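Residue numbers (my numbering): 1 to 183.
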């Protein structure tokens, strides 16, 4: 009887101490989580025109000019470079772009409009491997000021499909159209 109890106790201790080695090691939550924005943004609408996936860094008391320096290529978010998918041919900032997925980079400006870049490079970390030769288009992103402070970098599509990127008090806008309307 003592041998049976001892065997069960040894088995139980072995089982309990061994479960940690088989347990799944979950990562901590990312401080700059991924997000996505689509147009149209109604989840019931499956006929999307555009979707952007990006990391959402937060200011946390830091200066936007240090996080996205003027005159330097920026990944437009955190972690991986933002990726934008067009499910239809579009005019991005007035320039024709074929349906497909592109990396989205920006070049912030201290004053005036930012440069917004669509690159054929995909699945890249940050902007470290950015090459201008891989640019599909470069357009001007119109800068405006937000009355409220935007703590976490965010991207949305307005009702007219204008892409708006906001962080701190800065909002950068790029119009997207499925067809050009002559004036």
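Backbone N, C-alpha and C fix where the C-beta goes; we use that ideal spot for every residue, glycine too.
Predicted model only: the values in this text are computed from it and were never measured.
Does residue i pass the burial test, meaning 16 or more other C-beta atoms within 10 Å, or should it be called exposed?
i           : result
residue 129 : exposed
residue 122 : exposed
residue 146 : exposed
residue 74  : buried
Which one of the options has the shortest CA to CA distance from residue i?
i           : options               : result
residue 79  : 91, 86 and 30         : 30
residue 110 : 104, 131, 72 and 147  : 72
residue 56  : 170, 105, 152 and 176 : 152
residue 95  : 149, 42 and 136       : 136
residue 35  : 174, 52 and 112       : 52
Over the uninterrupted alpha helix (DSSP H) stretch that includes residue i, give me the two end residues.
i          : result
residue 72 : That residue, residue 72, is in no alpha helix (DSSP H); it is neither H nor E in DSSP.
With H, G and I counted as helix, E and B as strand and the rest as coil, what does DSSP make of residue i?
i           : result
residue 80  : strand
residue 186 : Nothing can be reported for residue 186: it is not among the residues displayed for the chain, which extend from 1 to 183.
residue 51  : strand
residue 65  : helix
Between which two residues does the beta strand (DSSP E) carrying residue i extend?
i           : result
residue 102 : 100 to 107
residue 135 : 135 to 157
residue 116 : 114 to 119
Taking 8 Å as the CB-CB cut-off, is residue i touching chain B?
i          : result
residue 70 : Absent from the structure is chain B; it holds one protein chain and no more.
Check your understanding: Does the stretch 109 to 120 come close enough to the stretch 136 to 143 that 3 or more CB-CB pairs lie under 8 Å?
Key -> Touching, yes.
Check your understanding: Do the stretch 49 to 64 and the stretch 162 to 170 make contact, defined as three or more Cβ pairs closer than 8 Å?
Key -> The stretch 49 to 64, when compared against the stretch 162 to 170, does touch it at the 8 Å Cβ threshold.
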